[in-house]
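In this note's numbering, the protein residues as written are 18 to 505.
We put the beta carbon where it would ideally sit given N, CA and C, even for glycine.
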């Protein structure tokens, strides 16, 4: 209770109590009356509960029906907020961290003042003076010429200097300005607003504007030294511009720095001049390879006993050979030697004659080997002989290879031994084999058995031109053969 007031109990009218409390209606009660009212309320609550139970869960009273949650109203009485007194005491710096929205100080704007002269520590300086500067680390003197002065908003002064570089004739004991030269790298570029004479204006060269994006290299040939020289070498730019990212790569190349060293390397390797253009047309990405990597790959091939001439032929026929790492080349050589069961010498001979075996996919090679062994029925030694004579069998189209073998073996009746003896028939054109066999069959001269008197070897059937085939093998005329072709 507030000091200075004598409370009085609203029930027993006493003025003395160990504790004063307020009743439900806001009246003042002593400690004894407060205890009595608490007991009375509890007994009334018990009676009400028992009454409800005896009524068998009847309707609730209106007070209970209209009872609301205490969360909807405040449980404490809030007095009106009084105005806070403004303290005259200053607040510490930690106060800014308690603010919800801290106030940010405005950014300072530097105001720079330039001048042609300045007075500093009793010395008058002006633009063009030569000064002596002592380095704090080594204590050596350096000379510079003042180019300008700057003074900021805090009145701090600074000078722009151009260093003077000594020459061999510069004395060590004193300063001789005639023996020093200006640091040209520190000199500023001329202003674009500087007036120039008519003679200087005529000598200014303005390169033509290049398009920001284009689909052809034709727009860059006139301005690019690299593209001009590549055209002179025989590179087909029309094919290269169709490939993604190749055109932008060629435009960024420097001819003297990137292209010339590679051309000299290929010349030393043994590649002919007429082969440089077609080679770069097929593989322009070799221009981005380092000479060290290229030399490493060539050295590996020579370590495997490939001659210099063989390496030059392989690079000319398979330009992508130089793009593959030494590890991949070694894995490819080991694969062919193991799968074919050939010696190292025969493996080198096969790879030299068909170097794209080292560059292409291995899946067609594996598939053709399985077809020759399982579907065609060739023995392992026969496959080795066929691959040694005609390496293209390894990369030939499976459908074409099957079509030719089926016609030669099943229709013409040629056994495996004769096909192995002359495997070039597997690399011939199917239409030529079919037309010539049907013509010989029409004439009654289709005999491919070596024991027959009129035996016709497969070599003469496939390799000879039409006129020679008609006169020497079919014993007929070329006109008869052409009329037969029209009747088919």
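{"Asked": "Taking the alpha carbon of residue 163 as the reference point, which residue from 149, 153, 174, 178 has its own alpha carbon closest?", "Found": "178"}
{"Asked": "Are three or more beta carbon pairs between the region 277-294 and the region 322-330 nearer than 8 Å?", "Found": "yes"}
{"Asked": "In angstroms with no decimal places, state the Cα-to-Cα distance between residue 472 and residue 402.", "Found": "23 Å"}
{"Asked": "Going by DSSP in three states, residue 355 sits in which element: helix, strand or coil?", "Found": "helix"}
{"Asked": "Does the distance from the C-beta atom of residue 184 to that of residue 197 stay below 9 Å?", "Found": "yes"}
{"Asked": "What distance in whole Å lies between the Cβ atoms of residue 166 and residue 4, which are believed to be in contact at a cut-off of 8 Å?", "Found": "There is simply no residue 4 to check, as the chain begins at 18 and stops at 505 in what is shown."}
{"Asked": "For a quick check, are the C-beta atoms of residue 424 and residue 454 less than 9 Å apart?", "Found": "yes"}
{"Asked": "Just to confirm my understanding: we take residue 28, look at its own chain, exclude 5 residues before and 5 after, and list those with CB closer than 7 Å. What are they?", "Found": "46, 50"}
{"Asked": "Which stretch, first to last residue, makes up the beta strand (DSSP E) that contains residue 315?", "Found": "It is not in any beta strand (DSSP E) - residue 315 instead sits in the alpha helix (DSSP H) that spans 308-320."}
{"Asked": "Which value, in whole angstroms, describes the spacing of the CA atoms of residue 343 and residue 369?", "Found": "17 Å"}
{"Asked": "Closest by CA to residue 452, which one among 410, 505, 461, 489?", "Found": "505"}
{"Asked": "From residue 430 to residue 397, what does the alpha carbon distance come to, in whole angstroms?", "Found": "22 Å"}
{"Asked": "Residue 177 bridges to which residues according to DSSP?", "Found": "165"}
{"Asked": "Any idea if residue 264 is buried or exposed, counting beta-carbon neighbours within 10 angstroms, 16 or more meaning buried?", "Found": "buried"}
{"Asked": "Spatial neighbours of residue 244 within its chain, please: C-beta separation below 8 Å, excluding the five flanking residues on both sides.", "Found": "234, 237, 238, 254, 267, 268"}
{"Asked": "For residue 393, collect the residues of the same chain with a Cβ closer than 6 Å to its Cβ; drop the 5 residues on either side in sequence, then sort them by chain order.", "Found": "422"}
{"Asked": "Residue 36: buried (16+ other C-beta within 10 angstroms of its C-beta) or exposed?", "Found": "exposed"}
{"Asked": "Measure the C-alpha to C-alpha separation of residue 513 and residue 371 and round it to an integer number of angstroms.", "Found": "In the structure as shown, the chain begins at 18 and stops at 505. Residue 513 is therefore absent and cannot be evaluated."}
{"Asked": "Taking C-alpha atoms, which residue in 413, 175, 349 lies nearest to residue 388?", "Found": "413"}
{"Asked": "When the Cα atoms are used, what is the spatial distance from residue 158 to residue 139?", "Found": "22 Å"}
{"Asked": "Which residues does DSSP list as the beta-bridge partners of residue 197?", "Found": "183"}
{"Asked": "Could you tell me whether the Cβ atoms of residue 404 and residue 367 are closer together than 9 Å?", "Found": "yes"}
{"Asked": "Ordered along the chain, which non-local residues of its own chain (more than five positions away) have a Cβ less than 7 Å from that of residue 278?", "Found": "308"}
{"Asked": "Name the residue from 438, 456, 320, 501 whose alpha carbon lies nearest to the alpha carbon of residue 476.", "Found": "438"}
{"Asked": "Give me the Cα-Cα distance between residue 261 and residue 300, rounded to the nearest whole angstrom.", "Found": "13 Å"}
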